[in-house]
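Once you know that position 143 of the sequence shown is 142 in numbering that gives the first Met the number 0, the rest is easy, because the numbers rise by one and skip nothing.
Where is the CB? At the ideal position from N, CA and C, for every residue including glycine.
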Amino acid sequence: MQWIANTAFGLEGQTGRDLKRLGIDGVRPQPAGGVLFDADPAQAFQANLWLRCADRVMLVAGRFEARTFDSLFEQVRALPWEDYLPRDAAFPIRAHCARSTLMSPSDCQSIVKKAIVERLKRAYRVDWFEETGATYAVDVSLHGDVASVCLDASGPALNRRGYRTWTGEAPLRETLAAALVLASPWRPSMPLCDPCCGTGTLLIEAAFIAMNRAPGLTRPFDCEKWGFMPQEAMRRLRAEAMEKYEEGKARPVRIAGSDISAEALELARRHVAQAGLNGRITLERRDLRDVTRTDEAGVFLCNPPYGERMGDRKAAAAVERQLMLLRERCPGWSLCAISADMSFERNALRRADRKRRYYNGRLECEFLTWLAK
């Protein structure tokens with residue numbers, strides 16, 4: 000079967016590498032976002048369980064050119080929906096349109112729904128579907144007049160790890176946080192510190208990586224209720240992931256964070272507890288100007304407040320200068336920061352050694368790395 004792992008712009012490469020590490024073949028990053036791959040249903044479940052940077056895993060039911068609504072209807076109706084959807088399936092429709100002749104998501108939703116119903120009427124010889132069973136959400140995306148029709152195997156987006164039930168100001172998505180950890184020079188054997196830790200997302204994602212914890216370990220996926228998915232294999236894969244995490248708990252973890260906001264730190268402590276990481280992450284209230292490290296060289300990794308979030312560019316510039324001063328008073332430590340402030344390097348008075356571009360929601364950001372001196 001062909002599947003696609005949807006990602007935010009810039010995360011396709013990391014998602015492709017994660018899929019290859021799972022032993023999955025035919026990995027093909029897509030220019031419009033996402034990674035196509037070939038896998039059996041058990042491997043697709045494994046992708047849901049282990050992908051750290053993807054938004055969703057979806058089964059590709061069909062891809063075709065559609066320039067008219069009639070064409071969209073006929074080609075969707077021609078797909079073998081009875082092979083996927085049982086008679087009682089709930090099949091809500093989502094639609095997205097970009098640079099396409101067909102630019103009405105609501106019309107595309109209605110047409111795709113009608114086409115599937117017409118196909119299932121013939122297959123099951125009924126005129127009405129109650130939709131009381133398992134959810135098989137259908138995602139139709141039109142980009143450049145090419146329609147991709149998929150079944151969403153994930154359900155809630157994969158950034159919903161289950162540990163973050165409260166959010167502070169401008170939260171960082173879990174999937175992007177994991178990508179930043181993986182793109183940084185930090186390795187699990189090294190200390191990691193977030194001096195602007197907010198509600199703790201970067202710290203928790205780093206701990207998951209250090210302890211080999213599957214990000215989807217404790218959450219369900221819609222595909223677990225699909226009739227054609229291998230129930231025994233999925234239970235085994237989840238049990239194996241739990242075993243790897245239990246083994247990972249024995250590894251030393253040196254991850255710490257600080258923030259000046261007592262409210263943010265309280266949320267961080269709640270999230271750490273809900274992630275099952277009490278005692279593994281050190282949190283303290285501390286002004287950025289007072290942060291220092293005297294232990295073995297490591298990595299400072301942060302999502303500092305910047306102008307768009309603070310509403311005060313001067314205050315953001317002061318934070319950026321303080322981050323560079325922090326690096327200077329901690330020899331051997333690297334500094335990594337994500338920011339939408341394109342004057343970050345100028346404010347820090349030092350050019351970054353590495354730069355990558357990401358999107359935090361709809362906000363275009365740079366991920367800047369100053370390597371250890």
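For this session: Give me the Cα-Cα distance between ARG27 and LYS313, rounded to the nearest whole angstrom.
Result: Here residue 27 is taken as the residue at index 28 of the sequence shown, counted from 1. Here residue 313 is taken as the residue at index 314 of the sequence shown, counted from 1. Going from the Cα of ARG27 to the Cα of LYS313 covers about 43 Å.
Exercise. To the nearest whole angstrom, what separates the beta carbons of VAL290 and LEU325, a pair I think is in contact under 8 Å?
Worked result: Stepping through the sequence shown from its first residue, residue 290 is reached at position 291. Stepping through the sequence shown from its first residue, residue 325 is reached at position 326. At roughly 6 Å, the Cβ-Cβ gap stays under 8 Å, so VAL290 and LEU325 are in contact.
For this session: Please list the segments of the alpha helix (DSSP H) lying wholly inside the segment 219 to 307, counting only runs of 4 or more residues, in order along the chain.
Result: 230 to 247 and 261 to 273
Problem set entry | Cβ-based burial, GLN45 [other Cβ within 10 Å; buried from 16] | In the sequence shown, counting from the first residue as 1, residue 45 sits at position 46. GLN45 is buried by the Cβ-count criterion.
Exercise. The alpha helix (DSSP H) spanning ILE115 covers which residue range?
Worked result: In the sequence shown, counting from the first residue as 1, residue 115 sits at position 116. 104 to 123 is the span of the alpha helix (DSSP H), which, as asked, contains ILE115.
Exercise. Between which two residues does the alpha helix (DSSP H) harbouring ALA41 extend?
Worked result: Indexing the sequence shown from 1 puts residue 41 at position 42. Run containing ALA41: 40 to 49, per the alpha helix (DSSP H) assignment.
Exercise. What's the gap between the Cα of ALA371 and the Cα of LEU191?
Worked result: Taking the sequence shown and counting its residues from 1, one reaches residue 371 at position 372. Taking the sequence shown and counting its residues from 1, one reaches residue 191 at position 192. Going from the Cα of ALA371 to the Cα of LEU191 covers about 13 Å.
Problem set entry | Range covered by the beta strand (DSSP E) that runs through ILE3 | Reading the sequence shown from its first residue, position 4 is the one you call residue 3. Per DSSP, ILE3 belongs to the beta strand (DSSP E) from 1 to 6.
For this session: Give the secondary structure of ALA371 by DSSP, where H, G and I count as helix, E and B as strand, and everything else as coil.
Result: For the purposes of this step, residue 371 is identified with residue 372 of the sequence shown, where counting begins at 1. ALA371 falls in the coil class under three-state DSSP.
For this session: List the DSSP bridge partners of SER183.
Result: For the purposes of this step, residue 183 is identified with residue 184 of the sequence shown, where counting begins at 1. Bridge partners of SER183: none, in fact.
Problem set entry | Endpoints, alpha helix (DSSP H) assigned at GLU70 | The count along the sequence shown starts at 1 and reaches residue 70 at position 71. It should be pointed out that residue 70 corresponds to Ser in this sequence rather than to Glu. That run of the alpha helix (DSSP H) goes 68 to 76.
Problem set entry | Where PHE90 sits in the DSSP three-state scheme | As a first step, residue 90 must be located in the sequence shown, where it is residue number 91. Coil, per DSSP.
Exercise. What do you reckon, are the CB atoms on VAL59 and ILE23 nearer than 8 Å?
Worked result: Position 60 of the sequence shown, counting from 1, holds the residue named residue 59. Position 24 of the sequence shown, counting from 1, holds the residue named residue 23. No; because the gap between Cβ atoms is not below 8 Å, this pair is not in contact.
Exercise. Which class does ASN359 belong to by DSSP, given the choice of helix, strand or coil?
Worked result: For the purposes of this step, residue 359 is identified with residue 360 of the sequence shown, where counting begins at 1. Three-state DSSP puts ASN359 in a strand.
Problem set entry | Assigned exposure category for ASP286 - 16 Cβ within 10 Å defines buried | Reading the sequence shown from its first residue, position 287 is the one you call residue 286. Around the beta carbon of ASP286, fewer than 16 other beta carbons lie within 10 angstroms, which makes this residue exposed.
Exercise. Would you call the segment 9 to 21 and the segment 52 to 67 touching, i.e. three or more CB-CB distances under 8 Å?
Worked result: Output reads yes: the segment 52 to 67 touches the segment 9 to 21.
Problem set entry | Residue from THR217, LEU367, GLU363 and TYR357 whose Cα sits closest to the Cα of GLY12 | Locating residue 12 in the sequence shown gives position 13, counting from the first residue. Of the listed residues, the one whose Cα sits closest to GLY12 is TYR357.
Exercise. Does DSSP classify LEU141 as helix, strand or coil?
Worked result: Taking the sequence shown and counting its residues from 1, one reaches residue 141 at position 142. Residue state, collapsed to three classes: strand.
Exercise. Using a Cβ-Cβ cut-off of 6 Å (strictly less than) and excluding sequence neighbours within five positions of THR174, which residues of its own chain qualify?
Worked result: Numbered from its first residue, the sequence shown carries residue 174 at position 175. Closer than 6 Å at Cβ, skipping near neighbours: CYS52 and ASN158.
Exercise. Does the segment 128 to 139 touch the segment 30 to 44, meaning 3 or more C-beta pairs lie closer than 8 Å?
Worked result: no
Exercise. In the structure shown, what three-state DSSP assignment does GLU11 receive?
Worked result: Looking up residue 11 in the sequence shown gives position 12. Helix, per DSSP.
For this session: Pick out whichever of SER342, GLN29, LEU21 and MET102 has its Cα sitting closest to the Cα of ASN47.
Result: Position 48 of the sequence shown, counted from the first residue, corresponds to residue 47. The shortest C-alpha separation from ASN47 is found at LEU21.
Exercise. For VAL148 versus VAL34, is the C-beta spacing smaller than 8 Å?
Worked result: For the purposes of this step, residue 148 is identified with residue 149 of the sequence shown, where counting begins at 1. For the purposes of this step, residue 34 is identified with residue 35 of the sequence shown, where counting begins at 1. Result no, Cβ atoms of VAL148 and VAL34 do not sit closer than 8 Å.
Exercise. Quick one: what's got a C-beta closer than 7 Å to GLU64's C-beta in the same chain, skipping five residues either side?
Worked result: What you label residue 64 is simply residue 65 of the sequence shown in a count that begins at 1. So the list reads ASP144 and VAL145, once near-sequence residues are dropped.
Exercise. Taking the continuous beta strand (DSSP E) assigned at ILE337, which residues delimit it?
Worked result: Working through the sequence shown from its first residue, we reach residue 337 at position 338. Annotation for ILE337: the continuous beta strand (DSSP E) segment containing it runs 333 to 338.
For this session: Return the CA-CA distance between GLY247 and ILE280, expressed in angstroms with no decimal places.
Result: As a position in the sequence shown, residue 247 is number 248, starting the count at 1. As a position in the sequence shown, residue 280 is number 281, starting the count at 1. About 15 Å.
For this session: Could you spell out where the beta strand (DSSP E) holding MET57 opens and where it closes?
Result: Here residue 57 corresponds to residue number 58 of the sequence shown, with the count starting at 1. From DSSP, the beta strand (DSSP E) with MET57 extends over 53 to 64.
Exercise. Out of ALA178, PHE207, ARG350 and ARG163, which has the shortest C-alpha to C-alpha gap to ASN302?
Worked result: Here residue 302 refers to the residue found at position 303 of the sequence shown. Looking at the Cα atoms, ALA178 is the closest of the given residues.
For this session: Decide yes or no for the touch test of the segment 202 to 213 against the segment 111 to 128: beta carbon pairs closer than 8 Å, at least 3 of them.
Result: no
Exercise. According to the Cβ coordinates, are GLY331 and MET189 closer than 8 Å?
Worked result: For the purposes of this step, residue 331 is taken as residue 332 along the sequence shown, with counting starting at 1. For the purposes of this step, residue 189 is taken as residue 190 along the sequence shown, with counting starting at 1. Contact: no.
For this session: Take GLY215 as the anchor and find which of PHE72, ARG160, ALA136 and SER70 has the nearest alpha-carbon.
Result: Here residue 215 corresponds to residue number 216 of the sequence shown, with the count starting at 1. Per the Cα distances, ARG160.
Exercise. Based on the DSSP output, what are the partners of PHE36 in its beta bridges?
Worked result: Indexing the sequence shown from 1 puts residue 36 at position 37. DSSP lists TRP2 as the beta-bridge partner residues of PHE36.
Exercise. Expressed to the nearest angstrom, what Euclidean distance is found between the alpha-carbon atoms of ASP311 and SER183?
Worked result: Here residue 311 is taken as the residue at index 312 of the sequence shown, counted from 1. Here residue 183 is taken as the residue at index 184 of the sequence shown, counted from 1. Each residue's Cα considered, the two are about 28 Å apart.
For this session: Quick one: grab the DSSP three-state call for GLU173.
Result: By one-based count along the sequence shown, residue 173 stands at place 174. In this structure, GLU173 counts as helix in the three-state DSSP scheme.
Exercise. Is the Cβ-Cβ distance between LEU300 and CYS329 less than 8 Å?
Worked result: Here residue 300 is taken as the residue at index 301 of the sequence shown, counted from 1. Here residue 329 is taken as the residue at index 330 of the sequence shown, counted from 1. Cβ atoms of LEU300 and CYS329: not closer than 8 Å.
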